[in-house]
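Numbering (UniProt numbering), first residue to last: 1 to 156. Ideal Cβ positions, reconstructed from N, Cα and C, are used throughout, including at glycine.
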Amino acid sequence: MSRIATPATINDAPEASRPVLEAIQKQIGCVPNIFRLVSNSPAALNALAALQGALGKGKLAPATRERIALAMAEANGCDYCLSAHSYTGAKFAKLDESEIEKNRRGTSNDPKAAAAVEFARALVVAGGSVAPGDVEKVRAAGYSDGESSRSSRMSR
Numbered sequence: 001m002s003r004i005a006t007p008a009t010i011n012d013a014p015e016a017s018r019p020v021l022e023a024i025q026k027q028i029g030c031v032p033n034i035f036r037l038v039s040n041s042p043a044a045l046n047a048l049a050a051l052q053g054a055l056g057k058g059k060l061a062p063a064t065r066e067r068i069a070l071a072m073a074e075a076n077g078c079d080y081c082l083s084a085h086s087y088t089g090a091k092f093a094k095l096d097e098s099e100i101e102k103n104r105r106g107t108s109n110d111p112k113a114a115a116a117v118e119f120a121r122a123l124v125v126a127g128g129s130v131a132p133g134d135v136e137k138v139r140a141a142g143y144s145d146g147e148s149s150r151s152s153r154m155s156r
């Protein structure tokens with residue numbers, strides 16, 4: 001249970017936050033709790049939405065981003081994140097149950113995606129200090145340093 005009041009509806013949010021929440025609702029069909037909670041501060045909500053939008057324009061495919069998010073949620077023990085990314089992974093990234101289970105264990109059925117997921121999980125498990133071999137493995141799979149840095153942003 002949240003100790004901070006979470007607006008139950010878009011209309012319960014501060015007026016300045018409503019356009020952002022409405023855009024999220026239109027885009028994905030619902031407003032995840034994290035956005036409703038952050039909407040208490042319109043500035044923070046705008047920053048979060050801008051960050052999500054900017055990262056969404058990166059080179060990592062949406063399915064790979066969801067795979068990484070699932071591995072991170074599991075590694076961090078975040079049941080809320082795990083639930084949210086299981087939903088978005090299945091609905092929007094079209095990941096099947098087998099893939100979602102693999103992602104939660106820190107790998108993937110897709111060899112290239114497995115390298116990214118394993119690298120991101122290694123970042124979390126090792127507290128950001130990955131071995132040189134981890135970096136080489138993700139590069140050998142075809143990921144750029146920019147894509148690897150995107151994984152490191154997701155691991156926090």
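Would you kindly work out how many angstroms separate the C-alpha atoms of ARG156 and ALA50, rounded to a whole number?
-> Note on ARG156: pLDDT 46, under 50, position unreliable in the model; no value is reported.
Does the count of Cβ pairs from the segment 61–74 and the segment 84–104 closer than 8 Å reach three?
-> yes
Could you give the distance in angstroms between the alpha-carbon of ALA140 and the alpha-carbon of ALA120?
-> 15 Å
Would you tell me roughly how many angstroms separate the C-alpha atoms of ASN109 and ALA115, rounded to the nearest one?
-> Spanning the two alpha carbons is a distance of roughly 10 Å.
Sequence-distant residues of its chain with Cβ nearer than 7 Å to THR6 (five each side left out) | ASN33, ARG36, LEU37
ALA8 versus ARG104 - alpha carbon distance | So the two alpha carbons sit approximately 30 Å from each other.
Taking just the CA atoms, how far does GLU22 sit from PRO132?
-> 44 Å
Grab the span of the alpha helix (DSSP H) containing TYR80 for me, first residue to last.
-> 79–91
Does DSSP put ASP96 in a helix, in a strand, or in coil?
-> coil
Assigned secondary structure, ARG156 (DSSP; H/G/I helix, E/B strand, else coil) = Only weak support exists for where ARG156 lies, its pLDDT of 46 falling under 50; the coordinates are left without a value.
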